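Enquirer:
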Amino acid sequence: MLIDLQTKVDIFKQDKKGKNTLFKKNVIQRVFIDTLDIESIKENINAKGNIDKSTCILYVKNIGEILINHSFDYIKGLKLKNNQIGFKLNQISNERKRKKSKSKNI
């Protein structure tokens, strides 16, 4: 299942010596990823050592680690959600049997 997430990104700028210096911190950027590409989910810990309930850290296959503006429980729910692909064949065949049996009874 494809989902749209908000991430926090730090922007770096090169100075004249070629060193990267922090230009802006925690800029919000949107990312569109597949839940099947998410390999791990971690809770984010703030500077005081407390768990930040509004953010979590994901490890995505092709991207790497990203900090997102969604809770750990929300992402865990999306990851564990069963995605249905196609049709339920048993339900379709049962509906056909019911229609045939109704037409025979008339």
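All residue numbers for the sequence shown refer to my numbering, where the first residue is 57 and numbers rise by one.
Just so it is clear, CB atoms sit at the ideal spot from N, CA and C, and this is done for glycine as well.
The structure presented is a predicted model; accordingly, all values stated were derived computationally and were not measured.
1. Between the C-alpha atoms of K75 and K69, what's the straight-line distance to the nearest angstrom?
2. Pick helix, strand or coil for I119, following the three-state DSSP scheme.
3. Does I84 pass the burial test, meaning 16 or more other C-beta atoms within 10 Å, or should it be called exposed?
4. Quick one: does I107 have its CB under 7 Å from some CB of chain D?
5. Apply the 10 Å Cβ neighbour rule to F128 and answer buried if 16 or more other Cβ atoms are within range, or exposed otherwise.
6. Taking Q62 as the reference, give the member of K72, N102, I131 with the closest Cα.
7. Please classify D71: does DSSP put it in a helix, a strand, or coil?
8. Could you check whether I94 and I101 sit closer than 7 Å to each other, using their CB atoms as the reference points?
Expert: Quick answer:
1. Taking the straight line from one Cα to the other gives about 8 Å.
2. The answer is coil: DSSP assigns I119 none of H, G, I, E or B.
3. Taking every protein chain shown into account, the CB of I84 has fewer than 16 other CB atoms within 10 angstroms, so this residue is exposed.
4. Here chain D cannot be found, since the structure has a single protein chain.
5. F128 should be labelled buried.
6. The option with the nearest alpha carbon to Q62 is I131.
7. When DSSP states are grouped into helix, strand and coil, D71 belongs to the coil group.
8. No, these two residues do not count as a Cβ contact at 7 Å.
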